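Residue numbers (this note's numbering), protein chains in the order written: chain A, 915 to 1150; chain B, 915 to 1150.
C-beta: ideal position from N, C-alpha, C; glycine also.
Predicted model, so just to flag it, every value in this text is computed and none were measured.
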């Protein structure tokens, strides 16, 4: 029987690549997205397109509205998403415990369908300084998963796979292109408009654009404005 | 400034006791419940009453519908809740990764409001054999929490407190009564009706009833039927 894997799928570049990698390893993939109150909900449309294009067996979008908690520019309309490229430390776009929550929901689905692999597009190289994107987080989560679950208690080994964690953005892009990922389908921008067009100036856009440049690959991103003057893309 | 704590509050006996214990320790308490598609949604009404009666500063009920995943008699109408008291191993009422998910949502709220303590009513004595109610689970979650979060990275210590984990049900009840908990407000039954009346025969009812007997305390539970013949309470 084909092994099943749960793949966290945001609709962005990284998780699309991870879905393609899980498929290439022969897994039957169960893609999981979350509607957590993010501003950039067009990424969920992107997730649907990506799941279909990359042959996910199932795709579930789970509703978990984190807006009552506040605390992040991605979920709190009173906080601005930085567009100046100058943030240091853990940025305001950090959503408290988001990856912990998403992995936990994935773990629940894994138990229900008999999957032992969770794929997760954390990246610790060209990333935004989030604590829950680091290798030590992935390792700690895997330890927890094997203690927390019926599968773990009964001697199955649950693996948390973060196959792009040590890759540069350019390496991720080259890997995905080798596996047939169409990055024009993906949305990474924190301030994407309803059609999924990118602002070009938030941290996520900056990382993504630099990745295509470093990979020597034409950037297929649809931007909201002519990007010869990147600052023109800013929008609040 | 008073320290804040997030308290997982199901509306049952155990978590009500834990909320009272957190308050008695002087915490400003943020009570968190979850609507995850459970059959026994009257426990959420109980959670509201308990939060108010025990002086929680805030009470949030977060929606996270786990029914698309299936796999548990508590969320899947095609599976029966056992009422014969004879289950062995991890029972069908286990909801995959539920406590991991709830602690993760609590962790997100903790980060957003600057709380460093998560209170959790796990119990490893008179319990139902769930892997995510064991001391090793609590310890693994605390380790994860300190790696996963901005607070942990910045040197704050997050604590996962499971103050009733080693208590018998009778000890829990005596502790709660000492702190003024009115257990008539709480609902533990997996098959409670819309008014919160208990079936008397599911595993949760059996543990609870035995606890009141062992504590030598009158059982304030409202049952669906006369309980002189416990089997009469079964309901599917």
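Can you look up residue i in the DSSP assignment and give me helix, strand or coil?
{"i": "residue 1074 (chain A)", "result": "strand"}
{"i": "residue 1137 (chain A)", "result": "strand"}
{"i": "residue 975 (chain B)", "result": "strand"}
{"i": "residue 1147 (chain A)", "result": "At residue 1147 (chain A), the pLDDT of 42 sits below 50, so the modelled position is not reliable; the number obtained from the coordinates is stated separately. Note: residue 1147 (chain A) maps to helix in three-state DSSP."}
{"i": "residue 1132 (chain A)", "result": "coil"}
{"i": "residue 1017 (chain B)", "result": "helix"}
{"i": "residue 1142 (chain B)", "result": "Note that residue 1142 (chain B) scores a pLDDT of 49, beneath 50, so its modelled location is shaky; the value from the coordinates is reported in the next line. Here residue 1142 (chain B) sits in coil by DSSP."}
{"i": "residue 945 (chain A)", "result": "strand"}
{"i": "residue 1061 (chain A)", "result": "helix"}
{"i": "residue 1081 (chain A)", "result": "coil"}
{"i": "residue 1102 (chain A)", "result": "coil"}
{"i": "residue 1012 (chain A)", "result": "helix"}
{"i": "residue 965 (chain A)", "result": "helix"}
{"i": "residue 1024 (chain B)", "result": "helix"}
{"i": "residue 1097 (chain A)", "result": "helix"}
{"i": "residue 958 (chain A)", "result": "helix"}
{"i": "residue 927 (chain A)", "result": "helix"}
{"i": "residue 1055 (chain A)", "result": "helix"}
{"i": "residue 1127 (chain A)", "result": "helix"}
{"i": "residue 980 (chain A)", "result": "coil"}
{"i": "residue 1039 (chain A)", "result": "coil"}
{"i": "residue 1090 (chain A)", "result": "helix"}
{"i": "residue 994 (chain B)", "result": "coil"}
{"i": "residue 1069 (chain B)", "result": "coil"}
For residue i, count neighbouring Cβ atoms within 10 angstroms of its own Cβ and tell me buried if that reaches 16, exposed if not.
{"i": "residue 1070 (chain B)", "result": "exposed"}
{"i": "residue 977 (chain A)", "result": "exposed"}
{"i": "residue 1143 (chain A)", "result": "Here the model assigns residue 1143 (chain A) a pLDDT of 47, short of 50, so the residue's position is not dependable and the matter cannot be decided."}
{"i": "residue 1014 (chain A)", "result": "buried"}
{"i": "residue 1132 (chain B)", "result": "exposed"}
{"i": "residue 1125 (chain A)", "result": "buried"}
{"i": "residue 916 (chain B)", "result": "exposed"}
{"i": "residue 1135 (chain A)", "result": "buried"}
{"i": "residue 969 (chain B)", "result": "exposed"}
{"i": "residue 937 (chain B)", "result": "buried"}
{"i": "residue 926 (chain A)", "result": "buried"}
{"i": "residue 1035 (chain A)", "result": "buried"}
{"i": "residue 1025 (chain B)", "result": "buried"}
{"i": "residue 1059 (chain A)", "result": "buried"}
{"i": "residue 1080 (chain A)", "result": "exposed"}
{"i": "residue 1130 (chain A)", "result": "exposed"}
{"i": "residue 1112 (chain B)", "result": "buried"}
{"i": "residue 1056 (chain A)", "result": "buried"}
{"i": "residue 1028 (chain B)", "result": "exposed"}
{"i": "residue 1092 (chain B)", "result": "exposed"}
{"i": "residue 1108 (chain A)", "result": "exposed"}
Per DSSP, residue i is paired with what?
{"i": "residue 1032 (chain B)", "result": "B:920, B:1074"}
{"i": "residue 1112 (chain A)", "result": "A:1137"}
Which residues of chain A have a Cβ atom closer than 9 Å to the Cβ of residue i, listed in chain order?
{"i": "residue 1066 (chain B)", "result": "1045"}
{"i": "residue 1022 (chain B)", "result": "980, 983, 985, 1009, 1010, 1011, 1012, 1014, 1015"}
{"i": "residue 1061 (chain B)", "result": "1045, 1046, 1048, 1050, 1051, 1053, 1054, 1055"}
{"i": "residue 974 (chain B)", "result": "982, 983"}
In chain A, which residues lie less than 8 Å from residue i when you measure between Cβ atoms?
{"i": "residue 1033 (chain B)", "result": "Those do not exist, as residue 1033 (chain B) stays about 16 Å from chain A at its closest Cβ, beyond 8 Å."}
{"i": "residue 932 (chain B)", "result": "What residue 932 (chain B) touches in chain A: nothing, since even the nearest Cβ is about 19 Å away."}
Run through chain B and tell me which residues come within less than 7 Å of residue i, C-beta to C-beta.
{"i": "residue 1018 (chain A)", "result": "1011, 1014, 1015, 1018"}
Between residue i and residue j, which are expected to be in contact by the criterion C-beta below 8 Å, what is the C-beta distance as a whole number of angstroms?
{"i": "residue 930 (chain A)", "j": "residue 1095 (chain A)", "result": "5 Å"}
{"i": "residue 981 (chain A)", "j": "residue 944 (chain A)", "result": "Actually they are not in contact, since the Cβ atoms of residue 981 (chain A) and residue 944 (chain A) sit about 26 Å apart, beyond 8 Å."}
{"i": "residue 873 (chain A)", "j": "residue 1106 (chain A)", "result": "Given a span of 915 to 1150 for chain A in the structure shown, any question on residue 873 (chain A) remains unanswerable."}
{"i": "residue 1137 (chain A)", "j": "residue 1110 (chain A)", "result": "That pair is no contact at about 11 Å."}
{"i": "residue 1063 (chain B)", "j": "residue 1011 (chain A)", "result": "6 Å"}
{"i": "residue 1031 (chain A)", "j": "residue 941 (chain A)", "result": "7 Å"}
{"i": "residue 1121 (chain B)", "j": "residue 1083 (chain B)", "result": "6 Å"}
{"i": "residue 1016 (chain A)", "j": "residue 922 (chain A)", "result": "5 Å"}
{"i": "residue 979 (chain B)", "j": "residue 950 (chain B)", "result": "7 Å"}
{"i": "residue 1099 (chain A)", "j": "residue 960 (chain A)", "result": "6 Å"}
{"i": "residue 1170 (chain A)", "j": "residue 1118 (chain A)", "result": "Shown here, chain A extends from 915 to 1150; a query on residue 1170 (chain A) therefore has no answer."}
{"i": "residue 1018 (chain A)", "j": "residue 1018 (chain B)", "result": "4 Å"}
Quick one: list the residues of chain B neighbouring residue i, beta-carbon separation under 8 Å, in chain order.
{"i": "residue 977 (chain A)", "result": "977, 978, 979"}
Report the neighbours of residue i on chain B: residues whose CB is nearer than 9 Å to its CB, in chain order.
{"i": "residue 1058 (chain A)", "result": "1014, 1051, 1054, 1055, 1057, 1058"}
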